[in-house]
Each structure stands twice: as C-alpha cells, then as structure tokens.
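A short worksheet on the structure shown next.
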Amino acid sequence: AQSVSQHNHHVILSEAASLELGCNYSYGGTVNLFWYVQYPGQHLQLLLKYFSGDPLVKGIKGFEAEFIKSKFSFNLRKPSVQWSDTAEYFCAVSPFYSSASKIIFGSGTRLSIRP
Amino acid sequence: GAGVSQSPSNKVTEKGKDVELRCDPISGHTALYWYRQSLGQGLEFLIYFQGNSAPDKSGLPSDRFSAERTGGSVSTLTIQRTQQEDSAVYLCASSWDSQETQYFGPGTRLLVL
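Here the protein sequences come in this chain order: A and B.
Numbering-wise, the first sequence is residues 1 to 115 according to this note's numbering.
Numbering-wise, the second sequence is residues 116 to 228 according to this note's numbering.
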C-alpha cells in the first residue's frame with residue numbers, strides 16, 4: 001500500500017534558523033504532492049503543491065519544496081524561520097493511478113520556533 | 116466564497132450514545148474526505164467520496180462508524196455507541212476532484228465522557 005513518511009515528529013528551532021522537513025513516499029508512478037500547514041487554532045490549509053513542471057515549488061510565506069523523483073522525496077524548506085511559523089506541517093501525496101485515487105497524508109511534523 | 120463548514124463545532128456526549136457530524140463541502144466539489152485528528156496525532160483517514168463512485172471506507176476504524184453523502188453534496192458521519200477513544204477532532208475536506216487541493220473545514224471536536 002502507498003504510504004507517506006515524515007521523518008521528524010517534532011522539530012525545535014530558533015528564529016532565523018534554516019528549516020528542512022523531510023517527506024518520502026512509496027509509489028513509483030506519477031504523483032501529485034502537497035504540503036499543508038495547521039497553525040495553532042486554525043484550519044489545515046495548503047502551503048504549496050507540485051503537479052508537474054519545475055520540481056522546485058515555491059509556496060506562501062517563503063516556503064519552498066523540491067520534488068526529487070529518484071529519491072521519492074518532497075522535502076519542505078525555508079531559509080530563515082520566524083516565530084509565526086510555529087505550526088504542524090503535513091506532507092500529502094496523491095498517486096495518480098486512477099481518477100479516484102485518494103490523497104494520503106503523512107503523520108505530520110510539529111515545528112516549534114523559539115523567539 | 117463560502118468554505119467547508121462543519122457542525123456542530125463541539126459535541127459532548129455520554130459513552131454509548133450515537134452522534135451525527137455534518138459536513139457541507141464547497142459547492143461543486145466532487146470529492147469529500149473525512150479524517151480524525153486525535154491529540155498529538157496526525158490525520159487519520161476515515162472515508163472518501165468521489166462523485167457517484169462507491170465510497171472508499173477503508174479507513175473506518177470499526178462498524179460503529181458510517182457515513183453517507185446525499186445528492187453528492189452534504190455528508191454525515193455517524194458514530195454509534197460512542198466510546199471514550201472516539202474523542203477527537205473530526206475534519207472534513209472537499210476538493211474539485213480527487214487529485215486537487217483539499218479545502219478543510221474547522222472540524223468538530225467530539226468529547227465522549
């Protein structure tokens with residue numbers, strides 16, 4: 001069965017540090033890839049997505065992610081984090097093997113930023 | 116425009132009672148998902164509706180859980196004979212189709228005493 005792995009359960013950083021959150025998936029075919037974010041007390045919302053084209057995707061709030069097909073990875077990065085980036089981050093993958101194939105979420109990474 | 120709405124926002128019930136949770140997706144969205152998010156846990160997939168296809172129920176944790184989607188729009192998640200371990204936030208999401216961005220509702224926080 002397809003799966004999505006987020007390696008870090010909880011990441012703690014200081015402001016201005018660089019961030020990289022790992023995401024790997026287990027499907028060899030065409031995929032659509034997503035990162036969602038859930039700020040404290042708010043809805044889950046889309047941070048960025050990759051469907052095709054340039055494997056380096058830029059999203060909101062200075063986040064970017066790189067799709068590396070050979071590594072089945074879609075890691076999330078930000079060069080300099082802010083306290084307001086404290087949130088839970090979820091990677092999601094949609095294996096494109098049928099028009100009805102569902103999106104699969106990773107278990108999430110909690111990011112805490114020390115002011 | 117209007118986003119995904121869920122009701123009630125909070126529900127407190129006694130163990131053994133049945134509960135119904137409602138989701139109103141964004142108009143025109145053909146795909147609808149239910150998830151459960153327990154404290155400190157990730158998103159647990161429950162059930163997925165796509166258009167007129169048979170729903171994917173592979174995530175439902177037991178036969179006490181069921182869901183329906185009437186007329187391709189509103190969905191109701193029913194939990195029968197609730198247990199304390201059912202306490203969680205139940206999230207609904209909808210999208211234009213199964214491959215597209217999901218839009219999440221605010222969730223229903225269920226507490227089973």
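The beta carbon of each residue, even a glycine, is placed where N, CA and C say it ideally should be.
Helix, strand or coil, according to DSSP, for residue i in the structure here?
i: E200(B); result: helix
i: T145(B); result: coil
i: W35(A); result: strand
i: S177(B); result: coil
i: K58(A); result: strand
i: T86(A); result: coil
i: T216(B); result: coil
i: S18(A); result: coil
i: S107(A); result: coil
i: K130(B); result: coil
i: K71(A); result: helix
i: T185(B); result: helix
i: F63(A); result: coil
i: N8(A); result: coil
Roughly how many whole angstroms lie between the Cα atoms of residue i and residue j?
i: K78(A); j: E64(A); result: 6 Å
i: F90(A); j: K132(B); result: 33 Å
i: G108(A); j: N24(A); result: 12 Å
i: G53(A); j: Y148(B); result: 27 Å
i: T191(B); j: A182(B); result: 6 Å
i: R127(B); j: D178(B); result: Residue identity differs from the one stated: residue 127(B) is Val in this sequence, not Arg. V127(B) and D178(B): Cα-Cα distance of roughly 21 Å.
i: K49(A); j: V57(A); result: 7 Å
i: S122(B); j: S70(A); result: 43 Å
i: G41(A); j: L225(B); result: 16 Å
i: H7(A); j: G22(A); result: 6 Å
i: G62(A); j: E20(A); result: 13 Å
i: E215(B); j: L175(B); result: 23 Å
i: S84(A); j: S3(A); result: 30 Å
i: I60(A); j: N125(B); result: 30 Å
Applying the criterion that 16 or more other CB atoms from any shown protein chain within 10 Å of the CB defines a buried residue, is residue i buried or exposed?
i: E88(A); result: buried
i: K102(A); result: buried
i: G143(B); result: exposed
i: W35(A); result: buried
i: N32(A); result: buried
i: N75(A); result: buried
i: S209(B); result: buried
Check whether chain B comes within 8 Å of residue i, counting only Cβ atoms and requiring the distance to be less than that.
i: N24(A); result: no
Looking at the C-beta of residue i, does it have a partner C-beta in chain A at a distance below 8 Å?
i: P123(B); result: no
i: F180(B); result: no
i: L136(B); result: no
i: Y163(B); result: yes
i: D171(B); result: yes
i: Q199(B); result: no
i: Q217(B); result: yes
Which residues in chain B have a C-beta closer than 9 Å to the C-beta of residue i? List them in chain order.
i: S107(A); result: Q156, G157 and L158
Is it the case that the CB of residue i approaches a heavy atom of the ligand FAD more closely than 7 Å?
i: S124(B); result: For the ligand FAD, the structure offers nothing, since it holds no ligand at all.
Along chain A, which residues have their Cβ under 8 Å away from the Cβ of residue i?
i: P221(B); result: H43
Can you list the residues of chain B that residue i reaches, using a CB-CB cut of under 8 Å?
i: F67(A); result: Those within 8 Å of F67(A) in chain B number zero; the least Cβ separation is about 15 Å.
i: F90(A); result: G157 and L158
Who are the neighbours of residue i on chain A, taking C-beta pairs under 9 Å?
i: L206(B); result: H43 and L44
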